[in-house]
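Student: Okay, handing you the structure first.
Protein chains: 6
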Amino acid sequence: MYDCIEAIKQKRLKKINGETFLVSEKHILKARNGDEYVGLKLKDRSGIIDAKIWNNLLHLKDKFEAGDFVKITGESNYYNDNWQVIIKDLERVEEEDVDKKAFLPSTQKDISKLQSELLGLIDSVKHPGLKKLLEEIFTDEEFFERFSHAPAAKTMHHAYVGGLIEHTVSVGKLASQVALAYKDIDRDLLVSCALLHDIGKVYELDPMTFNYTTEGRLIGHIVIGYTIVHDKIKALGLLNREKEMLLLHCILAHHGEYEYGSPKKPKTKEAVLMNMIDMLDSRMQPVVDAKVDESSGWSDLIKIIGKAIYAPKKSKELL
Amino acid sequence: MYDCIEAIKQKRLKKINGETFLVSEKHILKARNGDEYVGLKLKDRSGIIDAKIWNNLLHLKDKFEAGDFVKITGESNYYNDNWQVIIKDLERVEEEDVDKKAFLPSTQKDISKLQSELLGLIDSVKHPGLKKLLEEIFTDEEFFERFSHAPAAKTMHHAYVGGLIEHTVSVGKLASQVALAYKDIDRDLLVSCALLHDIGKVYELDPMTFNYTTEGRLIGHIVIGYTIVHDKIKALGLLNREKEMLLLHCILAHHGEYEYGSPKKPKTKEAVLMNMIDMLDSRMQPVVDAKVDESSGWSDLIKIIGKAIYAPKKSKELL
Amino acid sequence: MYDCIEAIKQKRLKKINGETFLVSEKHILKARNGDEYVGLKLKDRSGIIDAKIWNNLLHLKDKFEAGDFVKITGESNYYNDNWQVIIKDLERVEEEDVDKKAFLPSTQKDISKLQSELLGLIDSVKHPGLKKLLEEIFTDEEFFERFSHAPAAKTMHHAYVGGLIEHTVSVGKLASQVALAYKDIDRDLLVSCALLHDIGKVYELDPMTFNYTTEGRLIGHIVIGYTIVHDKIKALGLLNREKEMLLLHCILAHHGEYEYGSPKKPKTKEAVLMNMIDMLDSRMQPVVDAKVDESSGWSDLIKIIGKAIYAPKKSKELL
Amino acid sequence: MYDCIEAIKQKRLKKINGETFLVSEKHILKARNGDEYVGLKLKDRSGIIDAKIWNNLLHLKDKFEAGDFVKITGESNYYNDNWQVIIKDLERVEEEDVDKKAFLPSTQKDISKLQSELLGLIDSVKHPGLKKLLEEIFTDEEFFERFSHAPAAKTMHHAYVGGLIEHTVSVGKLASQVALAYKDIDRDLLVSCALLHDIGKVYELDPMTFNYTTEGRLIGHIVIGYTIVHDKIKALGLLNREKEMLLLHCILAHHGEYEYGSPKKPKTKEAVLMNMIDMLDSRMQPVVDAKVDESSGWSDLIKIIGKAIYAPKKSKELL
Amino acid sequence: MYDCIEAIKQKRLKKINGETFLVSEKHILKARNGDEYVGLKLKDRSGIIDAKIWNNLLHLKDKFEAGDFVKITGESNYYNDNWQVIIKDLERVEEEDVDKKAFLPSTQKDISKLQSELLGLIDSVKHPGLKKLLEEIFTDEEFFERFSHAPAAKTMHHAYVGGLIEHTVSVGKLASQVALAYKDIDRDLLVSCALLHDIGKVYELDPMTFNYTTEGRLIGHIVIGYTIVHDKIKALGLLNREKEMLLLHCILAHHGEYEYGSPKKPKTKEAVLMNMIDMLDSRMQPVVDAKVDESSGWSDLIKIIGKAIYAPKKSKELL
Amino acid sequence: MYDCIEAIKQKRLKKINGETFLVSEKHILKARNGDEYVGLKLKDRSGIIDAKIWNNLLHLKDKFEAGDFVKITGESNYYNDNWQVIIKDLERVEEEDVDKKAFLPSTQKDISKLQSELLGLIDSVKHPGLKKLLEEIFTDEEFFERFSHAPAAKTMHHAYVGGLIEHTVSVGKLASQVALAYKDIDRDLLVSCALLHDIGKVYELDPMTFNYTTEGRLIGHIVIGYTIVHDKIKALGLLNREKEMLLLHCILAHHGEYEYGSPKKPKTKEAVLMNMIDMLDSRMQPVVDAKVDESSGWSDLIKIIGKAIYAPKKSKELL
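If you read the sequences in order, they're chains A, B, C, D, E and F.
For reference, each letter of the first sequence is one residue, going 97 to 415 in this note's numbering.
For reference, each letter of the second sequence is one residue, going 97 to 415 in this note's numbering.
For reference, each letter of the third sequence is one residue, going 97 to 415 in this note's numbering.
For reference, each letter of the fourth sequence is one residue, going 97 to 415 in this note's numbering.
For reference, each letter of the fifth sequence is one residue, going 97 to 415 in this note's numbering.
For reference, each letter of the sixth sequence is one residue, going 97 to 415 in this note's numbering.
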């Protein structure tokens with residue numbers, strides 16, 4: 097498999113014979129002459145391209161939805177200063193049969209290494225109830241798989257496959273370090289919250305399109321995550337009521353301010369620290385990964401900090 | 097039983113012989129000479145008064161906590177321009193043996209009538225899952241009793257015994273009326289949410305002191321209420337996932353704006369309506385009940401609207 | 097008369113022979129070669145289309161203004177991926193000779209029924225001065241005609257012909273109902289304010305283009321409405337000074353907050369209620385009328401609530 | 097007449113025999129023993145003092161209201177670390193019989209000179225309609241008298257007798273100067289607005305107590321002033337509709353921002369300038385008049401700028 | 097020299113033979129076929145146009161940067177509804193050899209007259225230290241030249257060659273006038289600050305492209321200007337520490353509010369006045385210079401006031 | 097030396113014979129009888145107490161200022177429910193002769209250990225220019241002494257002797273750790289900024305009273321610190337212009353938002369990190385050190401986070 101969409105745009109790929117794409121949008125439309133057609137957007141790792149189904153409509157239009165992978169037969173053309181694909185036939189492909197990394201932006205890090213690091217952090221928790229809780233949640237294989245490939249956000253930060261686990265591990269390690277810098281921090285509580293604080297994002301964001309799900313829009317990852325943890329604690333009788341409240345409070349308050357969707361502001365040492373390191377890591381990822389224009393030294397606007405970033409040329413860095 | 101605290105302040109009651117009071121605060125303090133003593137605040141319906149325990153300290157100081165009722169022997173005196181009670185002896189009184197209305201501000205309405213109205217609103221719900229859910233929650237006798245006597249807020253609105261049920265019934269009736277004014281409103285969903293939206297306040301506020309509980313401060317009534325409804329739906333398998341989300345969203349979003357502690361803004365017809373009628377009733381109660389200075393026509397500042405209210409003299413109202 | 101603009105775009109109408117359109121914009125422009133021409137936007141109920149006058153310019157360009165209706169001779173063509181009309185000749189048409197409903201979005205409700213309902217609400221007012229005031233204002237035939245066809249806003253809510261009377265009647269009926277829910281509400285004052293609160297919009301918005309008028313931009317509907325009511329009261333000696341102030345305050349404060357253009361925040365029971373029901377109805381109209389995407393269940397962003405709306409599929413609504 | 101209240105507090109005045117005071121507050125109260133009494137605050141130029149009427153209550157309590165001047169017989173005493181006056185008898189004094197300057201803080205400037213300056217500014221207006229309008233409003237003798245002694249605000253700026261005319265003349269002169277600094281300013285419009293912009297304050301604030309009147313709280317000086325000007329223009333047919341709107345817009349927009357109570361933001365050259373010079377003068381008066389602590393060089397907090405002011409010692413000013 | 101870009105767009109200029117343009121942007125790009133090319137934007141006084149270098153790339157691409165002037169050989173064409181220039185050859189032109197007024201929007205005023213006025217204002221300062229400081233800064237010839245041609249902002253106000261000196265002189269004259277309106281203003285301090293408040297803009301903005309420089313983005317004109325004045329005072333030992341702080345405070349606080357980038361709010365009489373007159377002049381320039389649509393009387397949105405401006409037709413101005 | 101003020105309040109110290117106190121306020125006042133006297137506040141580590149000088153006024157009143165230490169002869173008494181000291185005689189004591197720790201709240205940490213840690217952090221910087229800069233600034237003995245005993249704020253965080261160095265070292269160590277968590281961080285730049293970011297506080301706050309100095313109020317610690325670093329770089333020619341700007345930008349932007357007094361928002365990786373760890377440490381110190389009420393588990397309101405903190409009882413911490 098190679099980067100088809102880039103190839104089309106560079107005129108190296110004209111006829112499409114069974115290449116696979118991810119459908120990121122699908123709309124039933126009316127042409128100006130009144131005919132119905134399907135307008136799509138196709139994605140792979142190398143870009144995004146418009147596509148249309150004009151023929152064989154009745155047969156093809158219900159075979160797939162946005163978020164599906166499809167094998168396509170068709171032809172590219174250039175219309176109105178835009179490349180597009182005219183689809184003649186298509187087949188839906190099962191997700192399992194696809195190497196998703198070819199279709200979605202992905203973490204630069206090794207996901208299996210991130211998984212080990214996360215399990216190591218769980219292992220480092222000494223409080224038996226919290227450790228058990230973390231194990232119960234993360235050893236659910238289907239959940240862990242989904243968690244490990246989810247993005248951490250639609251656009252703001254870690255917006256790529258594996259972004260959620262990357263952010264979680266990064267925050268977990270910061271928690272582990274910073275807990276030592278201040279007296280009387282409940283380190284196990286802090287690390288546990290660090291690992292759990294964003295698990296609701298597994299259901300808040302569609303793993304293929306990175307769009308918000310209906311559950312994400314109506315309930316939101318803070319309360320979804322709260323519910324997962326609450327249900328697990330209740331089912332297993334793992335923690336006394338006070339410990340439970342302390343942990344759940346950290347999750348509810350991790351955005352720090354009402355206007356960022358936290359229903360509570362941080363009111364424990366650990367909740368204040370959790371909020372700070374979450375904010376630190378959420379801002380640093382897009383800042384560190386920002387591409388900088390070589391001649392000016394400036395990046396484009398970085399949404400989460402509301403500003404562009406300047407980075408000096410390497411050679412200038414010594415005195 | 098009569099209004100003791102007013103009587104003390106009017107010098108009609110000097111010796112106190114077994115009168116009952118509510119302890120609203122209790123602090124172990126050190127006098128300037130280093131001696132330990134207990135400082136209290138005692139409440140009944142007629143007011144609030146300072147009290148002190150200087151003697152018999154070891155015997156008395158652990159017999160009661162803030163929120164308890166106590167029968168007191170002692171004497172009033174006037175010190176430093178303030179009335180106080182010097183306690184010689186006291187006994188804790190069980191809550192059941194006390195007529196709480198004598199100690200706390202209370203709704204002007206008849207609580208048993210409000211209970212009937214609430215049950216009537218449940219009865220009017222036709223959707224079987226929602227009706228069952230409401231019945232299961234409100235027919236828990238202990239819960240219903242607590243719900244019926246809870247305040248709806250610490251100070252903002254309906255801050256008195258029975259305030260929560262009064263507000264709930266008022267919002268429920270508005271929901272029932274206003275649902276008809278707009279097309280395609282899911283009336284049963286709206287009324288259900290109206291009845292459930294504030295049930296978390298039963299645990300957010302202390303029923304005696306009206307202070308926030310630790311659970312109220314760390315989790316908050318929005319998420320507490322969400323959890324009660326979520327747990328009940330899950331336990332009984334009452335609603336499909338979509339209906340559940342629609343109901344839970346209405347609860348999560350009923351404050352309307354992030355800055356008022358809602359983790360989600362309203363995103364369904366019913367959630368928008370719910371937010372509007374909750375705001376309407378929360379503002380109207382303190383506005384309608386505000387006392388107006390007779391000569392100026394103006395009330396004191398009403399916190400929830402940030403302004404004082406003007407009300408014309410009755411006689412002037414005709415042309 | 098049929099929907100010309102849709103017909104042009106569907107290639108069913110090529111030659112235009114005396115069809116009538118509404119001119120929503122008119123600009124005198126310079127072509128790249130330095131020639132002057134007129135660029136227009138033409139509207140009917142079915143859409144909006146660009147148009148140009150290249151020939152016969154001196155003769156045609158002063159025959160009409162934006163907001164006029166014109167009978168056109170010309171031809172449609174497709175240029176630069178856009179449909180347009182090349183005008184050869186045109187005649188201005190008097191407004192009276194046109195069925196405006198064909199040109200502007202319009203309320204789904206029956207305007208004459210809304211008029212009856214409004215007159216019924218006036219009739220329900222018992223206070224003689226307020227009733228007289230309402231009658232004097234609304235029985236001015238020219239005003240009532242204009243009021244009955246005005247939009248209630250440019251885009252936010254009820255942005256269509258008849259939107260103002262629809263909103264006014266809706267708010268009037270809510271006022272009438274909700275007045276009963278709270279004690280000591282001056283029902284006649286509240287209903288009067290409900291009927292008068294937005295009358296300034298008759299002069300704030302152009303009835304054809306829905307754009308703000310210069311008077312609307314410099315004075316605004318709140319103060320325009322205030323002035324109409326003030327002048328009428330003064331001219332007829334209808335109310336004592338206190339009643340007048342109470343009514344005028346309700347009008348000035350109906351937006352509730354300074355940042356929405358109210359020069360005063362609500363400071364009477366009736367002004368608080370007025371603000372609440374105006375907000376309720378302004379938000380509910382666009383929420384209730386929002387079109388929802390069938391497959392996702394989500395609408396587009398609704399400006400007045402700052403969010404999209406989710407509505408479940410009908411079939412899913414039972415358990 | 098001398099400064100009685102200061103004299104009482106310095107123990108130089110014990111018996112009070114017919115001295116005159118301004119009543120700034122009056123409350124009917126209940127003593128702790130249930131007896132009714134009247135609590136007052138008395139003011140003169142030298143300060144403010146508590147007073148009480150215990151005896152002869154029925155005879156005295158309806159003889160005066162807050163805002164009245166009263167001649168008092170009684171005695172001062174020192175109670176609970178506070179000076180107070182026990183009133184034995186009192187008589188209401190007509191306002192005309194009193195030299196108000198003895199009772200209220202007053203402008204340092206000569207009011208009759210300010211009146212001449214204001215008339216001079218009217219004289220400098222060339223536009224006949226505007227000049228006539230200004231003359232009609234300011235030559236109403238009763239109005240001009242009231243205007244010349246009104247404060248410009250309760251506390252923010254120019255909060256003293258004559259403050260309104262002082263501020264008006266200052267803004268008028270700035271208008272006259274600054275109009276020359278920019279091209280195409282309608283100088284007559286700007287100066288007219290400068291003179292009229294705050295005339296509503298004559299009715300918004302009580303001239304004796306500087307408290308807001310009910311009209312001030314419900315309608316506000318911006319709309320009151322707008323109404324005075326509107327009524328006068330209408331009565332006399334003075335201006336064409338456009339000129340009228342331009343002038344009225346300047347008045348409505350002079351606070352510049354919605355959150356300061358302007359129902360419109362400035363949208364003409366003159367309205368922008370008007371807003372700027374009004375803000376400049378409102379801030380400069382309290383800044384310039386602030387008393388600075390000699391040793392630190394700092395004033396107390398100045399409300400309108402939200403900060404204290406630093407002023408260097410004179411001797412340090414040269415290099 | 098004539099207006100080439102307008103000529104190209106009006107088809108009067110096809111072949112370009114050594115005309116000079118300002119390069120306002122320069123990007124190295126990849127074509128869809130993978131070839132590298134240079135995309136430029138060329139400016140002169142009459143407009144802006146796209147340009148491309150396809151041929152001779154290696155030879156041409158390093159001969160110039162954004163901000164340079166270039167003499168061009170090439171051809172105009174019309175592509176994708178847009179005019180562009182295909183460059184065949186180019187030469188960099190030294191800035192000294194160019195009449196910049198042909199390439200950049202420029203003040204309507206006479207720069208040498210503005211320079212005289214500025215020197216006259218310096219002359220009017222009597223305090224020897226301040227006068228010396230101003231002379232030292234403004235008599236640096238290179239600095240004065242740069243200052244005299246700098247814009248005062250990228251887009252907000254005075255965004256043209258000479259804008260900075262025009263704004264500085266305007267604010268200086270206002271300072272001089274308004275200082276007399278209030279008592280105890282240190283007129284020399286105020287005028288000095290007026291002349292110095294924006295000198296940091298000389299380095300904050302690129303004099304050719306009006307874009308922010310890296311120094312402007314990282315340090316900002318407020319602190320750059322502060323540093324210039326601080327360094328000069330330190331180098332020459334001109335002022336005592338108190339006078340220095342008073343002057344530097346005026347510079348730091350001249351934006352008035354933290355949210356406009358001032359690290360301090362105004363805390364001296366002169367700093368409050370400085371902030372007011374800077375705001376007045378910054379708003380009035382774009383308001384006064386706004387072009388108004390002849391038929392409607394309304395301008396486009398003016399960014400700095402957030403509103404469009406209305407100006408009546410001249411002929412209507414009398415009565 | 098022992099804790100005098102506590103001793104007075106516990107009636108253990110009546111006669112004062114040459115005890116030393118810190119004068120935190122001094123005011124020349126007028127008694128009600130017109131006599132002049134001096135009102136003081138005296139502080140030591142155990143508390144604060146009122147004091148008065150009635151006798152020997154002319155002799156004593158100019159012997160000391162606020163911020164001085166004084167040896168006192170006098171007597172304590174209890175007046176109006178308040179303890180006070182009546183001073184008969186006093187002598188000013190030189191600061192060097194006093195153990196300041198007895199008079200001011202102080203860090204719990206060992207200041208000489210913090211100094212070593214700070215020097216260790218300087219030592220860890222490899223970039224020669226930055227290392228030299230840090231050494232030059234911190235090896236100035238007088239500066240280092242003052243820095244080591246300064247508070248970090250008046251009230252918000254680290255508001256005690258040694259608070260500034262404690263905060264600086266804490267932030268320096270966090271910088272050192274966190275720099276490793278993200279790629280391409282200029283660790284030396286970040287650590288340098290961490291050590292320098294608050295040095296302006298040495299001059300912003302009075303080391304005895306913790307009040308803001310005039311320089312602190314007019315210039316502020318951000319720009320004062322910027323100036324120290326700028327002057328040192330300039331004097332020694334230590335860094336190239338780019339490195340200088342990057343360091344100075346980190347200092348200017350360390351508060352992160354305009355509304356917290358930063359004239360620039362963070363625009364480099366290191367500036368974003370600096371802002372995050374400064375915020376983290378500023379919030380954690382008061383949170384960690386907050387005293388919690390034993391029975392409720394709640395602290396008082398903590399200003400910097402706007403909330404009280406809950407901490408569970410130790411015994412409850414295990415499951």
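For each residue, glycine too, the CB sits at the ideal point set by N, CA and C.
Just so it is clear, the structure is predicted and the values come from calculations on it, not from any experiment.
#1: Report the three-state DSSP secondary structure of residue 260 of chain F (helix, strand or coil).
#2: Using 10 angstroms around the beta-carbon of residue 371 of chain E, count the other beta-carbons present and answer buried if the total reaches 16, otherwise exposed.
#3: Label residue 114 of chain A either buried or exposed according to how many other C-beta atoms from any shown protein chain fall within 10 Å of its C-beta, with 16 as the threshold for buried.
#4: Can you tell me whether residue 114 of chain E is helix, strand or coil according to DSSP?
#5: Report the residue from D:241, D:311 and D:345 whose alpha carbon sits nearest the alpha carbon of residue 208 of chain D.
#6: Taking its Cβ as the centre, do 16 or more other Cβ atoms sit within 10 Å of residue 331 of chain B, making it buried, or is it exposed?
#7: Would you check if there are 3 or more beta carbon pairs closer than 8 Å linking the stretch 121 to 140 of chain A to the stretch 149 to 163 of chain A?
#8: Just reading off the beta strand (DSSP E) that residue 307 of chain B is part of, what are its end residues?
#9: Where does residue 358 of chain F sit, in a helix, a strand or coil, going by DSSP?
#10: Return helix, strand or coil for residue 136 of chain C, following the three-state DSSP convention.
#11: Throw me the rounded Cβ distance for the residue 232 of chain D and residue 360 of chain D pair, which I believe falls under 8 Å.
#12: Distance, Cα to Cα, residue 295 of chain A vs residue 243 of chain A?
#13: Can the beta-carbon of residue 321 of chain E be found less than 8 Å from the beta-carbon of residue 347 of chain E?
#14: Grab the span of the beta strand (DSSP E) containing residue 169 of chain B for me, first residue to last.
#15: To the nearest angstrom, report how far apart residue 401 of chain B and residue 203 of chain A are at their CA atoms.
#16: Distance, Cα to Cα, residue 139 of chain D vs residue 385 of chain D?
#17: Just by C-beta distance, which residues in the stretch 349 to 375 of chain C are closer than 8 Å to chain D?
Tutor: Per the coordinate set shown:
#1: helix
#2: buried
#3: exposed
#4: strand
#5: D:241
#6: exposed
#7: yes
#8: No beta strand (DSSP E) holds residue 307 of chain B; DSSP gives it neither H nor E.
#9: coil
#10: strand
#11: Rounded, the Cβ-Cβ distance is 25 Å, inconsistent with contact.
#12: 7 Å
#13: yes
#14: 165 to 175
#15: 50 Å
#16: 22 Å
#17: 354, 355, 356, 357, 358, 359, 360, 363 and 364
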